[in-house]
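Written below as structure tokens is the structure these notes are about.
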Amino acid sequence: MHREQEIQADLRPYLGDDQIAFRTSVDGFLSRHATPDYVRECDEHKRFPQQLVDGMAEQGYFAVTLPEEHGGVGGYLDMVAMLEVLGYHSVALARYWNMNVNMVGGALARFASDEIQRKTLPLLAQGKAFFAFALSENGSGSDAASLTTSARPDGDAYVINGTKMWITGALQADYFLVACRTDPDAKPHDGISLFLVPKDAGGITINPIDMLGGHAIRTCEVVFSDVRVAADMMVGPLHKGWRQLSTVLAKERVALGAICTGAAQAAYDLASGYAVDRHQFGRSITQFQAISHKLVDAKTLVDASRLLVLRAARLLADGEPCSAQASQAKTFASDAYVQIATNGLQVMGANGYCMEFAMQRHFRESKLFQIFGGTNEIQRNIVARDLFS
Ligand SMILES: Cc1cc2nc3c(=O)[nH]c(=O)nc-3n(C[C@H](O)[C@H](O)[C@H](O)COP(=O)(O)OP(=O)(O)OC[C@H]3O[C@@H](n4cnc5c(N)ncnc54)[C@H](O)[C@@H]3O)c2cc1C
């Protein structure tokens, strides 16, 4: 059976005809515009894929999952149908979409005032305003609730001071969704509030950081020095930011699982196609069991990742609790992606290690998914709590 037909057979119990047709059309668009050369050049030259982002916006992809009244369309099953294909063609682009629409757009749609929603969401849906999600700090990563960036009330405004780390897409962002401590005396989880801070608020410095992968969308340090933001830019109730963040982070894990599944499929396709054509000792290297078993394991991991992601996405779409299932999907799919990229590189020998082929990028980018969006150790803690407490 052709690969796409096989995948669609797995998708059918979860996705409707419209969602599968949507997946096919996104795949067609990206096959034409996110060519391997374009994606490689953006990564090599640390160049933001502006042309591709503009094209995606024109297609209406930045509207997926946003509320209809603000120009949005579709739900979480459409999201995973799209993200798997985005991850297949460009991991960086898929992460950018997730951070803008699923995380910040999702938080604004659920918790922001009507005025903020009216001002920002239609622009996001059209790809005319972009966001960054600023939670992590040097001292607070996995223990995110220990953050120290402060927001101090001052008349009808708040004044923000602190440094956020590892902020994806900060250079392109028009707004930052910033998690701040608003009650220094409360328990860590109880004194946090979220603010939507315009980049031109004054007092914001952005410093790109060199990372192992994901070069097309730079990761940055963002320093807030006496940044004054109107009190009505608070997103959700005062001191309740942690509860809002928890809903955002669970949705992120489903999305990251979908991205890893697509990216792992791409790494598998590359390795298996290469292995069929590569001949040594007078035969295709797929005839050596050491190679064919690696490829069989890779295919099994991709298929299993897809099913775990679809299960979590279905629960999310139905409004059911899915925190543990989202963590399982994210952990499994990212571990699978790392294993497939590592073995795929081995299957391709020196060409796997060569910058000309995409496998080295998968090797670098896959590792990221075991770290961000909550490390896989933290995800396992979440599942363990669900099982045993
Ligand atoms: C490329 C990239 C992009 C990112 N983008 C963003 C972004 O846009 N916005 C943002 O806010 N953040 C972002 N992050 C930050 C990311 O969310 C954090 O890196 C992540 O939460 C882990 O925090 P840490 O790196 O400080 O690791 P630490 O928390 O210091 O953890 C170090 C190690 O200890 C382990 N560990 C810690 N606590 C426990 C525990 N209780 N049980 C078991 N093991 C534990 C961890 O799993 C890890 O292996 C990004 C990170 C990267 C690498």
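For what it's worth, UniProt numbering labels the leading residue of the sequence shown as 1, then goes sequentially.
Even for Gly, the Cβ is constructed at its ideal location relative to N, Cα and C.
Whole-angstrom C-beta distance between Val73 and Ala63, which should lie under 8 angstroms: Position 63 of the sequence shown, counted from the first residue, corresponds to residue 63. Position 73 of the sequence shown, counted from the first residue, corresponds to residue 73. Yes, Ala63 and Val73 are in contact; Cβ-Cβ is about 5 angstroms, under 8 angstroms.
Would you mind stating whether Ala326 and Ala336 have Cβ atoms separated by less than 7 angstroms? As a working mapping, residue 326 is identified with position 326 in the sequence shown. As a working mapping, residue 336 is identified with position 336 in the sequence shown. No, these two residues do not count as a Cβ contact at 7 angstroms.
Work out the CA separation of Thr261 and Trp242 for me, nearest whole Å. Against the sequence shown, residue 242 aligns to sequence position 242. Against the sequence shown, residue 261 aligns to sequence position 261. If you take the alpha carbons of Trp242 and Thr261, they lie about 29 angstroms apart.
CA-to-CA distance, Ala112 to Arg228, given in whole angstroms: For the purposes of this step, residue 228 is taken as residue 228 along the sequence shown, with counting starting at 1. For the purposes of this step, residue 112 is taken as residue 112 along the sequence shown, with counting starting at 1. Here the alpha carbons of Ala112 and Arg228 stand approximately 18 angstroms from one another.
DSSP state of Asp143 mapped onto helix, strand, coil: Residue mapping note: residue 143 aligns to position 143 of the sequence shown, counting from 1. Looking at Asp143 - three-state DSSP - the assignment turns out to be coil, as it is neither helix nor strand.
Backbone CA spacing between His89 and Val222 [nearest angstrom]: Against the sequence shown, residue 89 aligns to sequence position 89. Against the sequence shown, residue 222 aligns to sequence position 222. Going by the C-alpha atoms only, they are around 29 angstroms apart.
Does the Cβ of Thr205 have 16 or more other Cβ atoms within 10 Å, making it buried, or fewer, making it exposed? Position 205 of the sequence shown, counted from the start, is the residue given in the question as residue 205. Label assigned to Thr205: exposed.
Quick check: does the Cβ of residue 405 come within less than 6 angstroms of any heavy atom belonging to ligand 1? Any answer about residue 405 is impossible in this case: the structure gives the chain only from 1 up to 389.
Cβ-heavy atom distance, Phe48 to ligand 1, below 6 angstroms: As a first step, residue 48 must be located in the sequence shown, where it is residue number 48. Not so, every heavy atom of ligand 1 lies at least 6 angstroms from the Cβ.
Give the DSSP-derived three-state secondary structure of Asn161 in the structure shown. Here residue 161 refers to the residue found at position 161 of the sequence shown. In this structure, Asn161 counts as strand in the three-state DSSP scheme.
Could you pull the DSSP bridge partners for Asp154 from this structure? As a first step, residue 154 is located in the sequence shown; it is residue number 154 there, counting from the start. Per DSSP, Ala157.
Out of curiosity, what's the CA-to-CA distance linking Ser140 and Val276? Translated into positions along the sequence shown, residue 140 becomes position 140. Translated into positions along the sequence shown, residue 276 becomes position 276. Cα to Cα, Ser140 sits roughly 47 angstroms from Val276.
Over the uninterrupted alpha helix (DSSP H) stretch that includes Asn381, give me the two end residues. The residue labelled residue 381 in the question sits at position 381 within the sequence shown. Asn376 to Phe388 is the span of the alpha helix (DSSP H), which, as asked, contains Asn381.
Quick check on Val296: buried or exposed, where buried means 16 or more other Cβ atoms within 10 Å of its Cβ? To locate residue 296, count along the sequence shown from 1; it is residue 296. By the 10 Å Cβ count, Val296 comes out exposed.
Three-pair Cβ contact test at 8 angstroms for the segment 328 to 345 versus the segment 297 to 309: A contact exists between the segment 328 to 345 and the segment 297 to 309.
Can you list, in chain order, the residues of its chain whose CB lies under 6 angstroms from that of Ala258, leaving out five sequence neighbours each side? To locate residue 258, count along the sequence shown from 1; it is residue 258. The residues are Val80, Leu83, Glu84 and Val309.
Just how far apart, CA to CA, sit His215 and Asp43? By one-based count along the sequence shown, residue 215 stands at place 215. By one-based count along the sequence shown, residue 43 stands at place 43. His215 and Asp43: Cα-Cα distance of roughly 5 angstroms.
Identify the continuous beta strand (DSSP E) that holds Leu194 and give its terminal residues. Taking the first residue of the sequence shown as 1, we reach residue 194 at position 194. Boundaries of the beta strand (DSSP E) harbouring Leu194: Ile192 to Pro198, taken from the DSSP string.
Please determine whether the Cβ atom of Gly214 lies at a distance below 6 angstroms from any heavy atom of ligand 1. Within the sequence shown, the letter at position 214 stands for residue 214. Checking the 6 angstroms criterion, the Cβ of Gly214 is within range of a heavy atom belonging to ligand 1.
So Phe133 packs on Met99, CB below 8 angstroms; how close in whole Å? For this step, residue 133 is matched to residue 133 along the sequence shown. For this step, residue 99 is matched to residue 99 along the sequence shown. In this structure Phe133 touches Met99 by the C-beta definition: roughly 5 angstroms separates them, less than 8 angstroms.
Consider the C-beta atom of Gly141 and the heavy atoms of ligand 1; say whether any pair is separated by less than 6 angstroms. As a working note, residue 141 is residue 141 in the sequence shown. For ligand 1, at least one heavy atom lies less than 6 angstroms from the Cβ of Gly141.
Say the cut is 6 angstroms; is the CB of Leu256 nearer than that to a heavy atom of ligand 1? Locating residue 256 in the sequence shown gives position 256, counting from the first residue. Not one heavy atom of ligand 1 is found less than 6 angstroms from the C-beta of Leu256.
For Leu301, count neighbouring Cβ atoms within 10 angstroms of its own Cβ and tell me buried if that reaches 16, exposed if not. Residue mapping note: residue 301 aligns to position 301 of the sequence shown, counting from 1. Classification of Leu301: buried, given that the 10 Å Cβ count is 16 or more.
Measuring straight from C-alpha to C-alpha, what distance separates His189 and Tyr268? Taking the sequence shown and counting its residues from 1, the one referred to as residue 189 is at position 189. Taking the sequence shown and counting its residues from 1, the one referred to as residue 268 is at position 268. Whole-angstrom Cα-Cα distance: 41 angstroms.
Ala384 burial status per 10 Å Cβ neighbour count (16 or more: buried): In the sequence shown, the residue the question calls residue 384 occupies position 384. By the neighbour-count rule (16 or more Cβ atoms within 10 Å), Ala384 is not buried but exposed.
Excluding the 5 residues flanking Gln265 on each side, which residues of the same chain have their C-beta closer than 7 angstroms to its C-beta? Walking along the sequence shown from the start, residue 265 turns up at place 265. The beta carbon of Gln265 sits closer than 7 angstroms to those of Tyr88 and Val302, all from its chain and outside the five residues before and after it, given in chain order.
I'd like to confirm the pairing. Which residues does DSSP put opposite Pro208 in its beta bridges? Here residue 208 refers to the residue found at position 208 when the sequence shown is read from its first residue. Its beta-bridge partners are Cys220.
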